[in-house]
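See below for the structure under consideration.
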Amino acid sequence: MTEPESPYLVERMQGFGTTIFAEMSALAVATGSINLGQGFPDEDGPAEVLDAAIAAIRDGHNQYPPGIGIPALRHAIAAHQAKWYSLVYDPDTEVLVTAGATEAIAASLLALCEPGSDVVTFEPYYDSYAACIALAGAQRRVVQLRTPDWSFDAAALERAITPATRVLLLNSPHNPTGKVFSVEELELIAQLCVEHDLVAITDEVYEHLVFDGRHVPLATMPGMRERTITISSGGKTFSCTGWKIGWICAPPDLVNAVKTVKQFLTYVNGGPFQFGVAAGLDLPGSTFRRLAAALEEKRDRLSAGLAAAGFTVLPSAGTYFVSADIRGLGETDGLAFCRSMPARCGVVAVPSVAFYDDKDAGNPLVRFACCKRLDVIDEAADRLQKLTP
Ligand code: PMP
Ligand code: GLN
6 MTEPESPYLV ERMQGFGTTI FAEMSALAVA TGSINLGQGF PDEDGPAEVL
56 DAAIAAIRDG HNQYPPGIGI PALRHAIAAH QAKWYSLVYD PDTEVLVTAG
106 ATEAIAASLL ALCEPGSDVV TFEPYYDSYA ACIALAGAQR RVVQLRTPDW
156 SFDAAALERA ITPATRVLLL NSPHNPTGKV FSVEELELIA QLCVEHDLVA
206 ITDEVYEHLV FDGRHVPLAT MPGMRERTIT ISSGGKTFSC TGWKIGWICA
256 PPDLVNAVKT VKQFLTYVNG GPFQFGVAAG LDLPGSTFRR LAAALEEKRD
306 RLSAGLAAAG FTVLPSAGTY FVSADIRGLG ETDGLAFCRS MPARCGVVAV
356 PSVAFYDDKD AGNPLVRFAC CKRLDVIDEA ADRLQKLTP
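All you need for this note's numbering is the position in the sequence shown, starting with 1, plus 5.
Pasting the structure below:
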């Protein structure tokens with residue numbers, strides 16, 4: 006966001022600059038601040054997951070894996086969808102392993118959008134959505150999740166759909182808000198997708214990190230399995246965000262479309278890590294619940310610390326994140342506020358305005374990552390008290 010754009014950069018990517026996560030993580034390193042900006046855990050995930058990747062390296066799985074992903078992982082993904090959501094996918098024709106959810110999102114949008122297509126999504130939106138929609142030559146049409154409860158206006162969603170709309174891009178559990186879309190909301194979205202013959206792309210990378218309510222995949226709604234590309238990733242669930250093992254589940258025609266693009270983006274990635282994520286997906290339900298419970302405690306601890314420091318804390322039902330309104334601190338400009346935080350209190354956060362088209366709505370909001378050790382959250386909470394006017 007800070008660097009001048011290169012004159013070589015194509016017009017459709019002008020304005021995307023450097024991601025807010027890179028800017029804020031660099032600021033944290035440069036100032037020695039506690040980084041509650043970019044969402045990555047500071048502890049390792051389950052030993053079984055790590056051990057399986059280490060064993061795969063030692064066992065010589067160090068060359069290109071198959072283009073669609075190793076069989077063990079594709080079978081584990083299909084078994085996971087069946088076990089958790091009663092969604093049945095053929096591991097050979099309806100599952101595709103990708104370089105993180107990021108590549109799955111990019112390849113899906115590039116595969117489905119013609120130049121001039123519209124993509125409907127909700128704001129605030131994860132930053133790569135806007136960039137990939139632009140890369141595809143498509144336009145985004147956003148529907149706002151409104152504070153204080155992150156609800157949206159059903160009529161606004163209906164209005165956002167035009168004859169040019171090809172795709173509805175949903176993220177639940179949602180980054181940055183922590184919203185978990187309700188069954189009623191998903192029913193409405195599904196109904197509109199069916200009515201307007203849209204393909205749904207759903208980003209469910211936080212599917213196991215839900216504290217309040219439960220995660221329901223859009224593909225389980227009536228008429229949706231056949232028109233939904235469900236995306237997830239091992240990074241969040243198993244605390245290995247650097248591994249970049251993601252996947253899609255969809256009917257064969259949609260998988261084939263995405264595969265055609267995906268094979269020319271990365272071809273394949275992360276061979277040994279695919280074994281690790283396969284082992285993780287096979288872990289018992291109790292392990293997933295323990296991971297979510299640990300994160301819930303962190304969410305609560307960070308939320309209390311933010312409230313004590315004078316922030317208005319907004320509800321987060323899941324994910325790595327808690328959002329807060331800074332107006333109670335006498336502040337209105339989240340970007341300037343985040344840039345000043347290292348010097349003022351030694352903590353880094355992300356200005357939510359980076360995820361909004363409606364800058365007025367996004368300016369007073371700041372996102373904090375709660376996926377850090379409790380002692381780190383406590384230290385950050387102490388430091389944040391210095392902001393109190
Ligand atoms: N979608 C959302 C909503 C995210 O928060 C992230 C962040 N990691 C991603 C996708 C990207 O996931 P991956 O690291 O697996 O590419
Ligand atoms: N998903 C992470 C976040 O929202 C960031 C990943 C990235 O840096 N692109 O913080």
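C-beta: ideal position from N, C-alpha, C; glycine also.
- Query: Just reading off the alpha helix (DSSP H) that F395 is part of, what are its end residues?
  - Reply: Limits of the chain in this structure are 6 at one end and 394 at the other, which puts residue 395 out of reach.
- Task: Can you list the residues near the ligand HEM, meaning Cβ strictly closer than 6 angstroms to any non-hydrogen atom, in the order they appear in the chain?
- Result: The ligand content of the structure shown is limited to the ligand PMP and the ligand GLN, which means the ligand HEM is not among them.
- Message: Looking at Q149: is its Cβ nearer than 8 angstroms to the Cβ of A366?
- Response: To locate residue 149, count along the sequence shown from 1; it is residue 144. To locate residue 366, count along the sequence shown from 1; it is residue 361. Going by C-beta atoms, Q149 is nearer than 8 angstroms to A366.
- Item | Cβ-Cβ separation, V172 to V124 (assumed contact under 8 angstroms), whole Å | Here residue 124 corresponds to residue number 119 of the sequence shown, with the count starting at 1. Here residue 172 corresponds to residue number 167 of the sequence shown, with the count starting at 1. Right, the Cβ-Cβ distance comes to about 5 angstroms (below 8 angstroms), so this counts as a contact.
- C-alpha gap between D97 and R79, whole angstroms: What you label residue 97 is simply residue 92 of the sequence shown in a count that begins at 1. What you label residue 79 is simply residue 74 of the sequence shown in a count that begins at 1. Taking the straight line joining both Cα atoms gives about 7 angstroms.
- Message: With three or more beta-carbon pairs closer than 8 angstroms as the criterion, would you say the stretch 176-191 touches the stretch 210-220?
- Response: yes
- Task: State whether the stretch 53-67 contacts the stretch 258-265, with contact taken as three or more CB pairs (one from each stretch) at a distance under 8 angstroms.
- Result: no
- Item | Other residues of its chain near G111: CB distance less than 6 angstroms, five sequence neighbours each side excluded | Locating residue 111 in the sequence shown gives position 106, counting from the first residue. A small fix is needed here, since residue 111 is Ala in this sequence, not Gly. Only C137 meet the Cβ criterion.
- For G251, count neighbouring C-beta atoms within 10 Å of its own C-beta (all shown protein chains included) and say buried if the count is 16 or more, exposed if not. Here residue 251 refers to the residue found at position 246 of the sequence shown. Burial check for G251: the Cβ neighbour count within 10 Å reaches 16 or more, so the residue is buried.
- Message: Is S238 near the ligand PMP - that is, is its Cβ less than 7 angstroms away from at least one heavy atom of it?
- Response: For the purposes of this step, residue 238 is taken as residue 233 along the sequence shown, with counting starting at 1. A heavy atom of the ligand PMP is found nearer than 7 angstroms to the CB of S238.
- Are the beta-carbon atoms belonging to L334 and G310 less than 8 angstroms from one another? Locating residue 334 in the sequence shown gives position 329, counting from the first residue. Locating residue 310 in the sequence shown gives position 305, counting from the first residue. No; because the gap between Cβ atoms is not below 8 angstroms, this pair is not in contact.
- Query: Using a Cβ-Cβ cut-off of 7 angstroms (strictly less than) and excluding sequence neighbours within five positions of C350, which residues of its own chain qualify?
  - Reply: In the sequence shown, residue 350 corresponds to position 345, counting from 1. Cβ within range, chain order: R388, L389, K391, L392.
- Message: Checking the sheet assignment: what are the DSSP bridge partners for I250?
- Response: Position 245 of the sequence shown holds residue 250. In the DSSP output, where bridge partners are listed per residue, I250 has A104.
- So, using beta-carbon positions, are L300 and C245 closer together than 8 angstroms? Along the sequence shown, read from residue 1 onward, the residue named residue 300 stands at position 295. Along the sequence shown, read from residue 1 onward, the residue named residue 245 stands at position 240. Against a cut-off of 8 angstroms, the Cβ pair of C245 and L300 comes out as no contact.
- Task: Starting from E438, follow the beta strand (DSSP E) in both directions and report where the run begins and ends.
- Result: The requested residue 438 is not part of the displayed model; the chain covers only 6 to 394.
- Message: Below 7 angstroms, is the gap between the Cβ of Y131 and the nearest heavy atom of the ligand PMP?
- Response: Working through the sequence shown from its first residue, we reach residue 131 at position 126. Flag set: Cβ of Y131 near the ligand PMP.
- Task: Throw me the rounded Cβ distance for the Y325 and G50 pair, which I believe falls under 8 angstroms.
- Result: Taking the first residue of the sequence shown as position 1, residue 325 is located at position 320. Taking the first residue of the sequence shown as position 1, residue 50 is located at position 45. So it is not a contact: roughly 13 angstroms between Cβ atoms.
- Leaving aside the five residues before and after A312 along the sequence, list all residues of the same chain whose C-beta is less than 6 angstroms from its C-beta, in chain order. Indexing the sequence shown from 1 puts residue 312 at position 307. Correct list, in chain order: V318.
- What did DSSP end up calling A205 once you bin it into helix, strand or coil? Within the sequence shown, numbered from 1, the residue matching residue 205 stands at position 200. A205: strand per DSSP, three-state reduction.
- Message: For I62, report the span of its alpha helix (DSSP H) as first-last.
- Response: Start at 1 with the first residue of the sequence shown, and residue 62 comes out as number 57. Run containing I62: 52-63, per the alpha helix (DSSP H) assignment.
- Item | DSSP bridge partner residues for I469 (one or two, in chain order) | Past the edges of the chain, shown from 6 to 394, lies residue 469, and the structure says nothing about it.
- Message: I'd like the list of long-range same chain contacts for F360, defined as Cβ closer than 6 angstroms, with 5 residues on each side in sequence excluded.
- Response: Mapped onto the sequence shown, residue 360 falls at position 355. Here the set comprises P129, Y130, P181.
- Query: Is R295 buried or exposed, if buried means 16 or more other CB atoms sit within 10 Å of its CB?
  - Reply: Mapped onto the sequence shown, residue 295 falls at position 290. Answer is exposed; the Cβ neighbour count stays below 16.
- S30, DSSP secondary structure in three states: For the purposes of this step, residue 30 is taken as the residue at position 25 of the sequence shown. Looking at S30 - three-state DSSP - the assignment turns out to be helix.
- Query: Does the ligand PMP have even one heavy atom less than 7 angstroms from the beta-carbon of V210?
  - Reply: Here residue 210 refers to the residue found at position 205 of the sequence shown. Under cutoff, so the answer is yes.
- Query: Would the beta-carbon of A106 be found less than 7 angstroms away from any heavy atom of the ligand PMP?
  - Reply: Looking up residue 106 in the sequence shown gives position 101. Yes.
- Message: Suppose contacts are defined by Cβ-Cβ distances below 8 angstroms. Is I62 in contact with V102 by that definition?
- Response: Position 57 of the sequence shown, counted from the start, is the residue given in the question as residue 62. Position 97 of the sequence shown, counted from the start, is the residue given in the question as residue 102. No, the Cβ-Cβ distance between I62 and V102 is not below 8 angstroms.
- Task: State the start and end residues of the unbroken alpha helix (DSSP H) segment that holds S237.
- Result: As a position in the sequence shown, residue 237 is number 232, starting the count at 1. Here S237 belongs to no alpha helix (DSSP H); instead the beta strand (DSSP E) covers 233-238.
- Item | Complete beta strand (DSSP E) runs within the stretch 340-386 (minimum length 3 residues, chain order) | 370-374
- Message: In the DSSP assignment, the beta strand (DSSP E) including D330 goes from what residue to what residue?
- Response: Reading the sequence shown from its first residue, position 325 is the one you call residue 330. Note, D330: beta strand (DSSP E), 326-330.
- Report the three-state DSSP secondary structure of T98 (helix, strand or coil). On the sequence shown, residue 98 is found 93 positions in, with the first residue counted as 1. The three-state secondary structure of T98, taken from DSSP, is coil.
- Terminal residues of the continuous alpha helix (DSSP H) containing L286? Taking the sequence shown and counting its residues from 1, one reaches residue 286 at position 281. Per DSSP, the unbroken alpha helix (DSSP H) holding L286 starts and ends at 276-286.
- For T126, is the classification buried or exposed, using 16 other Cβ atoms within 10 angstroms of its Cβ as the cut-off for buried? Residue 126 sits at position 121 when you count from the first residue of the sequence shown. Flag for T126 reads buried.
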